[in-house]
Amino acid sequence: MEYLDLAPAYHASGRVRLPGSKSISNRFLLLAALAEGETAIRDLLLSDDIERMLEALKALGNDWKRMEGNDFRVRGAGGAFPVKQAELFLGNAGTAFRPLTAALALSNGHYRLTGVPRMHERPIGDLVDALRQLGADIRYLGKEGFPPLEIRPAPILAGGRVTVRGEASSQFLTALLMALPLNGDGATVEVLGELISKPYIDITLKLMARFGVKVERDGWREFRVPSGMRYRSPGTVFVEGDASSASYFLAAGAVAGGPVRVEGVGRDSIQGDVRFAEALQAMGAHVEMGPNWIEAAAPAGGRLQAIDLDCNHMPDAAMTLAVVALFAEGTTRLTNIASWRVKETDRIAAMATELRKLGAQVEEGADFIAVSMPGREAPGAVPQRLSFKPNAAIDTYDDHRMAMCFSLACLGGVPVRINDPKCVNKTFPEYFDRFLSLLAPVIAIDGPSASGKGTVAALVAEKLGFHYLDSGALYRLVALAALRAGVALDDGEALARIAETLPAAFEGGRILLDGEEASAAIRSEACSAGASKVAAFPAVRAALLGRQRAYRQAPGLVAEGRDMGSVVFPDAPLKVFLSATAEARAERRHKQLIDKGMSANIDTLLQDLHERDARDSARAVAPLQKCADAELLDTTAMTVDEAVAWVIERVRQRLPHAAAHS
Ligand code: DC
Numbered sequence: 232m233e234y235l236d237l238a239p240a241y242h243a244s245g246r247v248r249l250p251g252s253k254s255i256s257n258r259f260l261l262l263a264a265l266a267e268g269e270t271a272i273r274d275l276l277l278s279d280d281i282e283r284m285l286e287a288l289k290a291l292g293n294d295w296k297r298m299e300g301n302d303f304r305v306r307g308a309g310g311a312f313p314v315k316q317a318e319l320f321l322g323n324a325g326t327a328f329r330p331l332t333a334a335l336a337l338s339n340g341h342y343r344l345t346g347v348p349r350m351h352e353r354p355i356g357d358l359v360d361a362l363r364q365l366g367a368d369i370r371y372l373g374k375e376g377f378p379p380l381e382i383r384p385a386p387i388l389a390g391g392r393v394t395v396r397g398e399a400s401s402q403f404l405t406a407l408l409m410a411l412p413l414n415g416d417g418a419t420v421e422v423l424g425e426l427i428s429k430p431y432i433d434i435t436l437k438l439m440a441r442f443g444v445k446v447e448r449d450g451w452r453e454f455r456v457p458s459g460m461r462y463r464s465p466g467t468v469f470v471e472g473d474a475s476s477a478s479y480f481l482a483a484g485a486v487a488g489g490p491v492r493v494e495g496v497g498r499d500s501i502q503g504d505v506r507f508a509e510a511l512q513a514m515g516a517h518v519e520m521g522p523n524w525i526e527a528a529a530p531a532g533g534r535l536q537a538i539d540l541d542c543n544h545m546p547d548a549a550m551t552l553a554v555v556a557l558f559a560e561g562t563t564r565l566t567n568i569a570s571w572r573v574k575e576t577d578r579i580a581a582m583a584t585e586l587r588k589l590g591a592q593v594e595e596g597a598d599f600i601a602v603s604m605p606g607r608e609a610p611g612a613v614p615q616r617l618s619f620k621p622n623a624a625i626d627t628y629d630d631h632r633m634a635m636c637f638s639l640a641c642l643g644g645v646p647v648r649i650n651d652p653k654c655v656n657k658t659f660p661e662y663f664d665r666f667l668s669l670l671a672p673v674i675a676i677d678g679p680s681a682s683g684k685g686t687v688a689a690l691v692a693e694k695l696g697f698h699y700l701d702s703g704a705l706y707r708l709v710a711l712a713a714l715r716a717g718v719a720l721d722d723g724e725a726l727a728r729i730a731e732t733l734p735a736a737f738e739g740g741r742i743l744l745d746g747e748e749a750s751a752a753i754r755s756e757a758c759s760a761g762a763s764k765v766a767a768f769p770a771v772r773a774a775l776l777g778r779q780r781a782y783r784q785a786p787g788l789v790a791e792g793r794d795m796g797s798v799v800f801p802d803a804p805l806k807v808f809l810s811a812t813a814e815a816r817a818e819r820r821h822k823q824l825i826d827k828g829m830s831a832n833i834d835t836l837l838q839d840l841h842e843r844d845a846r847d848s849a850r851a852v853a854p855l856q857k858c859a860d861a862e863l864l865d866t867t868a869m870t871v872d873e874a875v876a877w878v879i880e881r882v883r884q885r886l887p888h889a890a891a892h893s
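Residue numbers (the working numbering): 232 to 893.
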């Protein structure tokens, strides 16, 4: 997908379980690989940057295994990497590139480290200079001071002092500190200039200590790794949720009602970015915190206020503040953010350009950005959501944080397009699904044939003003398109290709295929039978998955069909399974047919339903089944209106905000 369109939204609330922290995941992996003994790492983040680290470790002879889900087992080398010659491709993963450079420089081997073109524009000279002081042999293969790098075997000096500059990236100091225990004689590191992003060094020191290496330090100037220290596995370690990723959800709660709760980080977190919550609070948001959760909501009865903040301690989460500034009264100034310029992209320039597309006034400097939204300046002015320029197409510069930050703009009540949304894979592949779950709750409705699910679902959507997805119609359209193209209904691959590019559209109750009305055609007996066949191919289901998920847009979606609550929207906050006895369903179908002036026999219909139920429940792929967390509604003795009222009442209880206008 080249872009993702976000519909205008006004309200966000709900809960999000966070993915594992990137910073902690990649540090744990490296420490576990260098340690003595085996480490079980639980809740590891699964994303591009972590994959680069995992691939590198494998290439370096490390024996790691994925157990279940996000749980990994790493057998440590008990010192430097066993493989002494390797070529590593590290993408754009700074958290892999820098620490591996240091660890390999002290591993007495011959290595080449490369990345994507942007990685080759991100400076690494400060780290190389520091490692050279220890005797490391590191050469620049491209531009002086930048990757790619070649490392050659070299004797490393025992003990001694190393100086490293602290102003460009704290990752250089992190890399150095994590590698130094490989040099059994220890060393002292002196930081030159101001050390930025100190909380990240805190994470490094805490995690090293978990692996048995206690660094002594004198403020933020001098760090001593005592001699004879070796990493030892602590057994099992847990990765906290990612505090930088939490910032987008908390911001959504603060700018659009809320409350939004994130789970996986909180008061006990070791990540500096949890302090983002304090910044929101300073802007007037209502914030609560528990040991491992944080909740944010909009200021009671008021709007957020601009702030002036030194963001040196949380450069990543600070990007989110630049977008929150659009929703605040006054001009927000974020200072001491020079490091933004050497991240995934020049983030100050990128941020300024894209904020302007939304109508913001932006001033940028070498190390600051100031943002305000015109029309929001005058205190007490009537809220002017329209000051957001609609239909901005946001470029994301292959920077996951740009994509995530700017998704918030749709909460200004305008449609927003996010170009290249896949760049979020760097740290948070499921980001947009989780984000949309806060703005667009899904009501999943399923049930057996003739249970009335289609009628009920469409009416519930209408009453709530929600979007409506008739997923069965998609399978029927695939069957229709296949029949028209002469594709055999047992050719799974050809059917999947049709499903991938299906030219289908739903417009105001009409169902179109190739621009032509197909509402009646897809209800034919041939299409019903065909749909049931094509729906049994996993490749067809997979091809329709992204398309179905794209129907989730603010203010919400009623999704009807087989696997809506299990596969497509497993996080749907309300799932309903409609049932009715086969006799009642046969009677309804009979009445429908007679009303249409068609002849029908109730006994034949009953037998058909029994057979179809049996077939649907028994099939291997997406069988007809009530999800464990779905609510059962037996409609045998109910009218359609009664069933609809029952569902709306459930919505009122679960999603009071969504039901407010029904
Ligand atoms: O709900 P319906 O009768 O329009 O569905 C048509 C066919 O597609 C039916 O055989 C069930 C199948 N289907 C499915 O497998 N998964 C869905 N999400 C929706 C329908």
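Glycine is no exception: its CB is placed at the ideal position from the N, C-alpha and C atoms.
For residue 877, the three-state secondary structure derived from DSSP is helix. Going by DSSP, residue 888 is part of no beta strand (DSSP E) but of the alpha helix (DSSP H) stretching over 887-890. With a cutoff of 7 Å, residue 702 counts as near ligand 1, since its C-beta is closer than that to a heavy atom of the ligand. Note on residue 576: 16 or more other CB atoms within 10 angstroms of its CB, so buried under the neighbour-count rule. Three or more beta-carbon pairs drawn from the region 264-278 and the region 293-310 are found closer than 8 Å, and the two stretches are therefore classed as touching.
In this structure the region 745-754 does not touch the region 777-795; the number of beta carbon pairs closer than 8 Å is below three. Separation of residue 676 and residue 550 (C-alpha to C-alpha, rounded to the nearest whole angstrom) is 38 Å. Around the C-beta of residue 423, fewer than 16 other C-beta atoms lie within 10 Å, and the residue is accordingly described as exposed. Look at residue 827 here: in three-state DSSP terms it is coil, with no helix or strand label.
At the C-beta level, residue 570 and residue 427 come within 8 Å of one another. With fewer than 16 other beta carbons inside 10 angstroms of its own, residue 829 counts as exposed. Put simply, the region 372-379 does not touch the region 405-419. Fewer than three CB pairs are less than 8 Å apart.
486 is the residue among 486, 339, 540 whose C-alpha sits nearest the C-alpha of residue 531.
For residue 662, the three-state secondary structure derived from DSSP is helix. Around the beta carbon of residue 741, a 10 Å sphere encloses fewer than 16 other beta carbons of the protein chains shown; the residue is thus reported as exposed. The C-beta distance from residue 319 to residue 344 rounds to 5 Å, short enough to meet the 8 Å contact threshold. Ranked by how close their Cα comes to the Cα of residue 821, the residues 807, 366, 838 have 838 in first place. Given a length threshold of 3 residues, each whole run of the beta strand (DSSP E) inside the region 428-457 is given here in chain order: 447-449, 453-456. Here DSSP, grouped into helix, strand and coil, assigns residue 694 to helix.
Look at residue 844: its beta carbon is at least 7 Å from all of the heavy atoms in ligand 1.
Between the C-alpha atoms of residue 285 and residue 330 there is a straight-line separation of about 13 Å.
Of the other Cβ atoms in all chains shown, fewer than 16 fall within 10 Å of the Cβ of residue 884; this residue is therefore exposed. In this structure, DSSP gives residue 299 a state outside helix and strand, which the three-state scheme calls coil. If you check the CB distance, residue 262 and residue 438 come in under 8 Å. Secondary structure at residue 255: helix, using DSSP grouped into helix, strand and coil. Residue 665 and residue 587 have their alpha carbons spaced roughly 26 Å apart. Contact between the region 633-643 and the region 233-247 is established, with three or more Cβ pairs separated by less than 8 Å.
For residue 284, the CB stays at least 7 Å from every heavy atom of ligand 1. For the pair of segments examined, the region 489-509 was found not to touch the region 672-689: the number of CB pairs separated by less than 8 Å stays below three. Secondary structure of residue 485 (DSSP, three-state): helix. Per the coordinates, the alpha-carbon of residue 779 lies some 12 Å from the alpha-carbon of residue 735. Annotation for residue 737: the continuous beta strand (DSSP E) segment containing it runs 735-738. In terms of side-chain proximity, the C-beta atom of residue 839 is found no nearer than 7 Å to any non-hydrogen atom of ligand 1. Within the same chain, 418, 456 come within 6 Å of residue 411 by CB-CB distance, once the 5 residues on both sides are set aside.
One Cα belongs to residue 260, the other to residue 384, and the distance between them is close to 24 Å.
Looking from the CA of residue 425, the closest CA among 407, 395, 440 belongs to 395.
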